[in-house]
Each structure stands twice: as structure tokens, then as C-alpha cells.
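Going down the list, the protein sequences come from chains A and B. Going from the first sequence to this note's numbering is simple: count from 1 and add 8. Going from the second sequence to this note's numbering is simple: count from 1 and add 19. Here's the structure we're looking at; comments come further down.
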Amino acid sequence: MRRNRSMDVLVEEIAIANNIRKEFPSLRGDEIYLDSGATSLKPRKVIEAVRRYEEEFPANVHRSAYPWAEKATDEYENARKNVAKLLNSKKEEIVFTKNCTEAINLAAFILSKYVNRGDRIIVSILEHHANFLPWMRLCNRKGAEFTVVDVDEEGFLDMDDFQRKLTKNTKIVAITMASNVVGTVPPIKDIVKLAKDKGAFVVLDGAQYVPHHRVNVGSLGADFIAFSGHKLFGPSGTGVLWGRKDILDEGEPLLLGGSMIKEVYIDGFEMADPPTRYETGTPNIGGIIGLGAAVEFVESIGYDFIERYEKKLVRYLYDSLKSVEGVEVYGPPPEHRTSLVAFNIRGVHPHDVAWYLGLEGIMVRSGGHCAHPLHRRLSIPFNQSVRASLSVFNTPEDIDRLIDALYKVKRSFKV
Amino acid sequence: MFLDYILDHYHNPRRRGKLEDADVVLKGGNPGCGDVVIIYIRKGEDGRVEVSFEGEGCTVSQACASITCDFANGKTVEEIKNLDYKFLEEHIGDEILKTRFKCATLALDTLKSAISGL
Ligand SMILES: Cc1ncc(COP(=O)(O)O)c(C=O)c1O
Chain A
9 MRRNRSMDVL VEEIAIANNI RKEFPSLRGD EIYLDSGATS LKPRKVIEAV
59 RRYEEEFPAN VHRSAYPWAE KATDEYENAR KNVAKLLNSK KEEIVFTKNC
109 TEAINLAAFI LSKYVNRGDR IIVSILEHHA NFLPWMRLCN RKGAEFTVVD
159 VDEEGFLDMD DFQRKLTKNT KIVAITMASN VVGTVPPIKD IVKLAKDKGA
209 FVVLDGAQYV PHHRVNVGSL GADFIAFSGH KLFGPSGTGV LWGRKDILDE
259 GEPLLLGGSM IKEVYIDGFE MADPPTRYET GTPNIGGIIG LGAAVEFVES
309 IGYDFIERYE KKLVRYLYDS LKSVEGVEVY GPPPEHRTSL VAFNIRGVHP
359 HDVAWYLGLE GIMVRSGGHC AHPLHRRLSI PFNQSVRASL SVFNTPEDID
409 RLIDALYKVK RSFKV
Chain B
20 MFLDYILDHY HNPRRRGKLE DADVVLKGGN PGCGDVVIIY IRKGEDGRVE
70 VSFEGEGCTV SQACASITCD FANGKTVEEI KNLDYKFLEE HIGDEILKTR
120 FKCATLALDT LKSAISGL
């Protein structure tokens with residue numbers, strides 16, 4: 009907190025963050041983790057939940073009647089209840105997947121039957137490839153129009169462009185709730201309303217949003233929301249698709265086989281009801297049980313605190329980066345973004361920056377962040393950037409250390 | 020660290036540019052990270068080869084392309100076939116080599132694939 013006097017993170021809030029930090033066994037050393045946008049660290053409670061499953065009742069779910077199996081099934085379904093409560097949805101609307109990518113692909117598959125030649129699917133240039141390519145392929149297969157909404161130079165979604173492109177033949181609008189590169193949080197409520205007025209389905213990519221901001225699916229009015237469990241303090245190999253019940257009832261799963269059926273005959277089969285219909289085969293049981301614990305972890309901190317604290321933290325990060333000469337920061341001002349900032353040091357390749365920071369014990373990500381069209385659109389050098397992404401355990405001190413290390417990078421690379 | 024040495028090769032690359040009448044041209048890249056190196060080889064009458072490169076990407080990949088081509092230039096085909104990472108380690112140190120292995124060896128790997136096509 010040396011550089012920026014506008015920073016008004018309260019001492020108590022930092023104390024809370026430092027307490028939360030103690031819940032993460034991986035943070036025992038001196039390292040600074042600024043890559044929660046790629047995957048979050050796992051709190052003890054989550055690791056413990058996974059360990060308990062693997063050690064104490066490691067049976068398959070939904071299949072057998074003995075006590076381990078019942079316990080495993082109960083805990084697995086309890087995770088579903090937790091996620092449903094988090095989103096204020098019905099538990100039948102929660103489908104577990106292995107990541108956000110699978111969740112979006114599943115949504116695209118379920119909606120594919122409604123898309124015909126000449127229809128239009130709208131995405132934005134902000135999208136992660138996971139919310140870009142499934143729709144591009146669907147359009148190519150169906151002879152539908154793949155339409156990309158633009159941003160302005162600051163990374164704000166161009167709402168005029170959106171409204172222009174939102175034609176009567178638009179079947180699906182698939183938009184991110186928060187960009188994983190520039191952090192932009194588009195006006196989702198407006199987007200949903202405009203899309204719904206045109207009768208389009210709305211699919212939201214919540215990967216970078218749900219870990220930081222409360223979502224109430226009831227009042228949002230979208231049809232699908234996908235996110236990663238592993239970015240929400242859950243184990244790797246976990247993701248969630250929330251889908252509106254009436255659409256899930258009419259849809260088909262990506263995979264056929266065990267679990268997803270009610271009955272199989274030699275000439276056909278009946279599908280199980282959602283959400284089981286969409287969870288074919290043995291799921292990531294330990295992982296999902298861990299995700300259930302992760303949701304409890306989030307609730308115990310509370311979105312109110314997460315939002316309030318991270319808002320100040322991201323402002324501090326943004327202002328601190330801006331204060332370094334030769335650093336270019338991408339995207340809108342902090343009040344319009346989620347908890348991450350992408351940047352470059354002019355004259356140093358982002359991979360070199362991230363590597364050097366790594367040697368200094370600071371973990372950030374570099375690359376195209378699975379958002380190549382966005383990097384190209386914003387004319388970012390090398391089409392790559394360095395990204396620092398925050399979580400509720402980070403503190404202004406972490407950011408100060410990042411900034412100190414960036415000065416070292418500048419000195420070492422002589423820029 | 021050997022960063023100053025790397026920066027010198029990055030900013031003042033040796034053996035950078037196309038070789039006219041090259042016998043082999045081979046493009047190498049690390050998928051996902053955008054580093055690209057194109058290796059040019061021309062075989063001389065005396066069995067020795069001329070080597071050069073073009074490319075773009077991070078400091079380490081481009082500097083090591085310069086170091087590699089400078090080192091390989093004028094050697095025989097057999098000598099290049101027998102090159103391993105040791106000379107790179109001597110030039111850039113084992114910390115950079117270890118922590119940036121894919122970047123550092125991109126040009127060498129591409130050169131060795133190219134020479135086998137000669
Ligand atoms: C905005 C966004 N969408 C989708 C994804 C894909 O998530 P996953 O890796 O869990 O499939 C990510 C994360 O990498 C992301 O940031």
C-alpha cells in the first residue's frame with residue numbers, strides 16, 4: 009500500500025483475508041498466487057472432503073444399496089443441493105460436468121435441435137474459446153450464421169452493435185458474464201432482456217463471474233449458465249451447467265451409456281430424468297463432493313465480503329500496474345471489471361515476464377488466455393498478455409510484491 | 020543469470036535472415052505459445068554448412084535461435100547431428116535452460132530435424 013493513496017482497503021478486511029489465507033495449505037510458503045482465474049487454490053475443507061470420500065466411503069454413486077454407496081450418493085447429491093442453493097435454483101437444474109468447457113458444449117448440444125439453416129447465433133469477441141468454438145461449429149453444421157459482437161478499444165461490449173446484430177432470426181445468444189482477459193463485466197441483465205424479447209435462448213459463461221459475484225438464476229432469466237467448479241475453490245475436474253428445467257427435460261445428453269437411462273431394450277431406450285440424464289457414466293465423485301464443500305466455503309465467507317473486498321483489491325491492482333511506466337493495461341477501469349487485470353511491459357514478451365516473476369515466487373499467467381480473437385481485436389503485442397487474477401485470500405501486499413518484481417523485470421530486461 | 024547475454028543475442032541477433040538457395044528450410048514452433056523459428060541450411064562444397072534463422076516470439080526462444088545458429092554455422096553435418104543441449108547450457112546457464120527448456124531448445128530441435136532432411 010505504498011504507491012497508491014487512493015487505496016482504502018480497511019485494515020479489518022485485510023485481516024480477514026489473511027485469516028482466509030490460512031485455510032489454503034498450498035500457501036504455506038512465500039509464494040504469491042495470482043492465477044486464480046486459471047484455477048483456484050483448494051482450501052483445507054475441500055481437500056478434506058475429497059480425502060474423506062476416497063478413504064472412508066469410496067463407492068460408486070446411484071448404484072448399490074450398501075452403506076458406503078448410500079453415503080457416497082448422499083454426499084454427491086448434497087453437493088448438488090449446495091450448488092443449487094448458491095445459485096438459487098432447483099437441484100434438478102444442476103448438471104455436473106468435468107469443467108466449464110464441457111458444460112458449454114453440453115448446452116450447445118442440447119440447443120442444437122432448435123437451430124436451423126438461416127438462423128443466427130450471437131457471441132461476443134470477449135469470449136474464451138470455450139464459448140466461441142462450440143457455437144461456431146454448430147453454425148457450420150446447421151448452415152446458421154455465426155455472428156460476433158464487437159467491443160470498443162477499452163474492452164466494453166458494444167451494445168449498439170449487439171442490438172444491431174440481434175435480428176429476428178437470432179436463436180441463441182452466448183455471452184460471457186466476465187471476460188477472462190480484460191475483465192469486462194457486460195450488462196448481462198440488459199443482454200438477457202433484449203435477447204428474450206427476440207425469443208432467443210441465452211447461454212452465459214460464468215467461469216470468471218461465479219467465483220466472485222453472486223448469481224441468482226431466478227431473477228437473471230437466462231436459459232443456461234456454465235462455470236468451472238475448479239475456479240470456485242473446487243477440485244480439478246469439476247464444472248457445472250445450470251439449465252432451465254423445461255429445456256433440460258427436452259434435451260439429449262452428449263454421451264450415451266450408463267446412468268443416463270431409465271430402461272434399455274434391444275431396439276431402443278428411455279432416458280432418465282435430468283440431471284442424471286446428463287451425467288453419463290461414473291462421475292468425478294470425489295471431485296463433486298469436494299465442490300460441495302467448496303460452495304460451503306464460499307458461503308462461509310459470503311459473496312458480500314468477496315465482492316466488497318475484491319473490488320478494492322482489483323482497483324489497487326489496476327492503479328498500481330498503471331503507475332508503472334512502460335506497463336500497458338488492457339480493458340476497462342476497475343469499477344467495470346471482475347477480479348483480474350491483463351497487461352504487458354512494453355518491449356518484453358509476456359512469457360518472459362511471467363517466467364521471471366515465477367523465479368521471484370510470483371505466479372501469473374501469460375499467453376493468449378484462450379481468447380485469440382480478443383487479443384487480435386485489441387492489437388495486443390504478440391497477441392499475448394500477462395494476467396494477474398485475484399482471489400479473496402490475496403492482499404495489497406501481494407500486489408506490492410508483484411509491482412516490485414515488475415520493476416526488477418524492467419531492470420533485467422533493460423526497458 | 021545469463022540474462023544480459025540472452026538480451027544481447029535478442030537485440031543483436033547473429034545469423035538472422037533468409038539464406039538464398041538454402042538446401043533445407045524448416046519451420047518449428049511451440050504450439051500454444053506462438054514462438055516460431057524458421058531454420059535455413061545451405062551445404063557448402065567442403066561439407067560444412069551455413070545456417071541462419073528467422074522467427075518471432077519470446078526473448079529466450081529468439082536469443083537461443085541466434086546462439087544456436089551462430090554456434091552451428093560452419094560446422095559439418097555430422098557435427099550438427101551430434102549437437103546436444105550442452106553447448107546451450109554453457110552459453111545460457113542451466114537455470115534458464117531448465118526453466119525455459121522448450122523456448123531455449125526450439126531452434127536446436129528445429130535445426131536437428133532440418134539437418135536430417137539434408
Ligand atoms: C471465461 C472462461 N470460460 C471458459 C473457461 C474454460 O473453463 P474450463 O477450463 O473449466 O473448461 C475459462 C477458463 O479457462 C474461462 O476463463
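Ideal Cβ positions, reconstructed from N, Cα and C, are used throughout, including at glycine.
Sorted by chain position, which residues of the same chain lie with C-beta nearer than 6 Å to residue i's C-beta, five sequence neighbours on each side aside?
{"i": "Asp408 (chain A)", "result": "none"}
{"i": "Gly259 (chain A)", "result": "Ile118"}
{"i": "Leu94 (chain A)", "result": "Val303"}
{"i": "His359 (chain A)", "result": "Ser374"}
{"i": "Cys378 (chain A)", "result": "His136, His137"}
{"i": "Ser34 (chain A)", "result": "Leu49"}
{"i": "Ile3 (chain A)", "result": "Given a span of 9 to 423 for chain A in the structure shown, any question on residue 3 (chain A) remains unanswerable."}
{"i": "Ile4 (chain B)", "result": "With chain B covering 20 to 137 only, the question about residue 4 (chain B) has no answer from this structure."}
{"i": "Leu127 (chain B)", "result": "Thr87"}
{"i": "Ser120 (chain A)", "result": "Leu146"}
Measuring CA to CA, which of the options is closest to residue i?
{"i": "Asp412 (chain A)", "options": "A:Leu299, A:Gly191, A:Ser331, A:Ile388", "result": "A:Ser331"}
{"i": "Asn352 (chain A)", "options": "A:His344, A:Val337, A:Lys50, A:Ile296", "result": "A:Val337"}
{"i": "Pro32 (chain B)", "options": "B:Ser135, B:Phe72, B:Glu98, B:Val55", "result": "B:Phe72"}
{"i": "Asp327 (chain A)", "options": "A:Ala25, A:Pro341, A:Gly276", "result": "A:Pro341"}
{"i": "Thr105 (chain A)", "options": "A:Lys206, A:Asn96, A:His344, A:Leu299", "result": "A:Leu299"}
{"i": "Asn457 (chain A)", "options": "A:Leu18, A:Tyr84, A:Met371", "result": "This structure does not reach residue 457 (chain A), given that chain A is present from 9 up to 423, and the question cannot be answered."}
{"i": "Val200 (chain A)", "options": "A:Asp231, A:Ala186, A:Val218, A:Ala215", "result": "A:Asp231"}
{"i": "Ile196 (chain A)", "options": "A:Val223, A:Val190, A:Arg36, A:Thr178", "result": "A:Val223"}
{"i": "Ile28 (chain A)", "options": "A:Leu414, A:Asn402, A:Arg419", "result": "A:Asn402"}
{"i": "Glu162 (chain A)", "options": "A:Met371, A:Leu382, A:Asn139, A:Asn113", "result": "A:Leu382"}
{"i": "Val356 (chain A)", "options": "A:Thr155, A:Arg71, A:Ser267, A:Asn391", "result": "A:Asn391"}
{"i": "Tyr61 (chain A)", "options": "A:Ser267, A:Ala80, A:Tyr41, A:Ala362", "result": "A:Ala80"}
{"i": "Ala208 (chain A)", "options": "A:His344, A:Gln216, A:Gly366, A:Gln171", "result": "A:Gln171"}
{"i": "Glu31 (chain A)", "options": "A:Leu18, A:Ala57, A:Lys53", "result": "A:Lys53"}
{"i": "His70 (chain A)", "options": "A:Asp82, A:Glu64, A:Glu307, A:Ala186", "result": "A:Asp82"}
{"i": "Val58 (chain A)", "options": "A:Thr109, A:Lys98, A:Gln216, A:Ala301", "result": "A:Ala301"}
{"i": "Thr346 (chain A)", "options": "A:Asp213, A:Glu271, A:Ala186, A:Leu114", "result": "A:Ala186"}
{"i": "Ser399 (chain A)", "options": "A:Leu18, A:Glu20, A:Asn26", "result": "A:Asn26"}
{"i": "Glu173 (chain B)", "options": "B:Phe106, B:Leu137, B:Gly51, B:Cys122", "result": "With chain B covering only 20 through 137, there is no way to say anything about residue 173 (chain B)."}
{"i": "Asn49 (chain B)", "options": "B:Ser80, B:Gly63, B:Lys37", "result": "B:Ser80"}
{"i": "Ile314 (chain A)", "options": "A:Ile388, A:Val218, A:Tyr41", "result": "A:Val218"}
{"i": "Arg385 (chain A)", "options": "A:Asp158, A:Arg354, A:Ile40", "result": "A:Asp158"}
Shorter than 7 Å, the distance from the beta carbon of residue i to the closest heavy atom of ligand 2, or not?
{"i": "Asn188 (chain A)", "result": "With respect to ligand 2, the structure offers nothing, as its ligand set consists of ligand 1."}
Enumerate in chain order the residues of its own chain whose CB-to-CB distance from residue i is below 8 Å, with the five nearest sequence positions on each side excluded.
{"i": "Glu101 (chain A)", "result": "Ala92, Val225, Trp250, Gly251, Arg252, Lys253, Leu256, Pro282, Pro283"}
{"i": "Asn12 (chain A)", "result": "Summary for Asn12 (chain A): the model assigns pLDDT 46, below 50, so the residue's position carries little reliability; its value from the coordinates is reported in the next sentence. If we look at Asn12 (chain A) and ignore the five residues flanking it on each side, its Cβ neighbours are Tyr324, Asp327, Ser328, Ser331."}
{"i": "Asp160 (chain A)", "result": "Asp166"}
{"i": "His30 (chain B)", "result": "none"}
{"i": "Lys98 (chain A)", "result": "Ala92, Lys253"}
{"i": "Ile133 (chain A)", "result": "Val156, Val157, Asp158, Val159, Pro381, Leu382, Arg385"}
{"i": "Gly63 (chain B)", "result": "Glu69"}
Looking at residue j and residue i, is the spacing between their C-beta atoms short of 8 Å?
{"i": "Ile297 (chain A)", "j": "Ala87 (chain A)", "result": "yes"}
{"i": "Ile25 (chain B)", "j": "Thr95 (chain B)", "result": "no"}
{"i": "Ala152 (chain A)", "j": "Leu174 (chain A)", "result": "no"}
{"i": "Asn188 (chain A)", "j": "His221 (chain A)", "result": "no"}
{"i": "Val190 (chain A)", "j": "Gly339 (chain A)", "result": "yes"}
{"i": "Lys416 (chain A)", "j": "Glu368 (chain A)", "result": "yes"}
{"i": "Glu75 (chain B)", "j": "Val55 (chain B)", "result": "yes"}
{"i": "Val210 (chain A)", "j": "Val181 (chain A)", "result": "yes"}
{"i": "Val394 (chain A)", "j": "Val423 (chain A)", "result": "no"}
{"i": "Val322 (chain A)", "j": "Val349 (chain A)", "result": "yes"}
{"i": "Ile112 (chain A)", "j": "Asp213 (chain A)", "result": "yes"}
{"i": "Thr192 (chain A)", "j": "Ile130 (chain A)", "result": "no"}
{"i": "Val335 (chain A)", "j": "Leu414 (chain A)", "result": "yes"}
{"i": "Val123 (chain A)", "j": "Lys89 (chain A)", "result": "no"}
{"i": "Asp42 (chain B)", "j": "Arg61 (chain B)", "result": "yes"}
Suppose the cutoff is 7 Å on Cβ atoms and the five residues either side in sequence are ignored; what does the same chain contact list for residue i look like?
{"i": "Gly265 (chain A)", "result": "Thr288, Gly289"}
{"i": "His28 (chain B)", "result": "Ala82, Ser85, Ile86"}
{"i": "Gly376 (chain A)", "result": "His383, Asn391, Gln392"}
{"i": "Lys121 (chain B)", "result": "Asn49"}
> Are at least three pairs of beta-carbons, each pair with one atom in the segment 31-50 of chain A and one in the segment 239-246 of chain A, less than 8 Å apart?
Replying inline: Short answer: they touch.
> Does the segment 136-146 of chain A come close enough to the segment 159-170 of chain A that 3 or more CB-CB pairs lie under 8 Å?
Replying inline: Contact between the segment 159-170 of chain A and the segment 136-146 of chain A is not established, with fewer than three Cβ pairs separated by less than 8 Å.
> At what residue ranges does the segment 54-116 of chain B contain a whole run of the alpha helix (DSSP H), taking only runs of 4 or more?
Replying inline: With a minimum length of 4 residues, the unbroken runs of alpha helix (DSSP H) contained wholly in the segment 54-116 of chain B fall at 78-91, 96-100, 105-111.
> Can you list the beta strand (DSSP E) stretches of 3 or more residues lying completely in the segment 189-220 of chain A, in chain order?
Replying inline: Fully enclosed beta strand (DSSP E) runs of 3 or longer: 209-213.
> If you scan the segment 122-150 of chain A from start to end, which runs of the beta strand (DSSP E) of 3 or more residues do you find wholly inside it?
Replying inline: Annotation note: the segment 122-150 of chain A contains the following uninterrupted beta strand (DSSP E) runs of length 3 or greater, listed N- to C-terminal: 128-132.
> At which residue ranges does the segment 268-320 of chain A contain complete beta strand (DSSP E) runs of 3 or more residues, listed in the order of the chain?
Replying inline: Those beta strand (DSSP E) runs which fall completely within the segment 268-320 of chain A and span 3+ residues are 269-273, 276-279.
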